[in-house]
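>
Residue numbers (the working numbering): 319 to 459.
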């Protein structure tokens, strides 16, 4: 399985002040150990860098992320992401612009999204987004 890991999981995994027990963080650790393929996108990297203070932390994040394949949205992804957001909104689910683009990248590249953000779970009910689930230990559709 190929995972795109959302900022919510990376933020928890990179914390040094407490040991994190969330199943999504454990799934990330297992994936990075070779159980799955992990990819990222510039949006996630940017959000992480905006959330961590200090040059040293930023350098470490950039260095760690350089080992991951980077997928980039193109014009069609932006158009399709607007469609994802509109479809969700018509169904009563609010999803932000960045989250809609992340969802679209997962749909286009057939990736499973690893996230603690429940907005993605709700959005997945209205589009082809696959979200990792600890309960099923496989992606939800």
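Backbone N, C-alpha and C define an ideal beta-carbon position, used for all residues, glycine too. Remember, predicted model here, so these are calculated numbers, not experimental data.
Between the beta-carbon of residue 411 and the beta-carbon of residue 431, is there less than 8 angstroms?
The residue you call residue 411 lines up with position 93 of the chain shown. The residue you call residue 431 lines up with position 113 of the chain shown. No; because the gap between Cβ atoms is not below 8 angstroms, this pair is not in contact.
> Let me make sure I understand the geometry here. Which of 375, 384, 376, 333 has the alpha-carbon closest to that of residue 356?
Against the chain shown, residue 356 aligns to sequence position 38. Minimum Cα distance to residue 356 is reached at 384.
> Could you tell me the alpha carbon to alpha carbon distance between residue 453 and residue 342, rounded to whole angstroms?
For the purposes of this step, residue 453 is identified with residue 135 of the chain shown, where counting begins at 1. For the purposes of this step, residue 342 is identified with residue 24 of the chain shown, where counting begins at 1. Distance between the alpha carbons of residue 453 and residue 342 is about 11 angstroms.
> Using beta-carbon positions only, say whether residue 330 and residue 405 come within less than 8 angstroms of one another.
To locate residue 330, count along the chain shown from 1; it is residue 12. To locate residue 405, count along the chain shown from 1; it is residue 87. No, these two residues do not count as a Cβ contact at 8 angstroms.
> Below 8 angstroms CB to CB, which residues in the same chain sit around residue 427 once its five sequence neighbours on both sides are set aside?
The count along the chain shown starts at 1 and reaches residue 427 at position 109. Within the same chain, residue 427 has close Cβ partners 320, 322, 357, 389.
> Return helix, strand or coil for residue 411, following the three-state DSSP convention.
What you label residue 411 is simply residue 93 of the chain shown in a count that begins at 1. Note: residue 411 maps to coil in three-state DSSP.
> Could you pull out every unbroken alpha helix (DSSP H) segment of at least 4 residues lying fully inside the region 332-404, listed in chain order?
You should have 341-348, 360-369, 373-383.
> The beta strand (DSSP E) spanning residue 320 covers which residue range?
In the chain shown, the residue the question calls residue 320 occupies position 2. Segment 320-323, the beta strand (DSSP E) holding residue 320.
> Span of the alpha helix (DSSP H) holding residue 442?
Here residue 442 refers to the residue found at position 124 when the chain shown is read from its first residue. Element bounds for residue 442: 436-442.
> Compute the Euclidean distance between the alpha carbons of residue 447 and residue 337, then round it to the nearest angstrom.
To locate residue 447, count along the chain shown from 1; it is residue 129. To locate residue 337, count along the chain shown from 1; it is residue 19. The straight-line gap from Cα to Cα measures roughly 30 angstroms.
> In three-state terms, what does DSSP make of residue 433?
As a position in the chain shown, residue 433 is number 115, starting the count at 1. Coil at residue 433, not helix or strand.
> Are residue 415 and residue 366 close, meaning C-beta to C-beta below 8 angstroms?
Stepping through the chain shown from its first residue, residue 415 is reached at position 97. Stepping through the chain shown from its first residue, residue 366 is reached at position 48. Not closer than 8 angstroms, so no.
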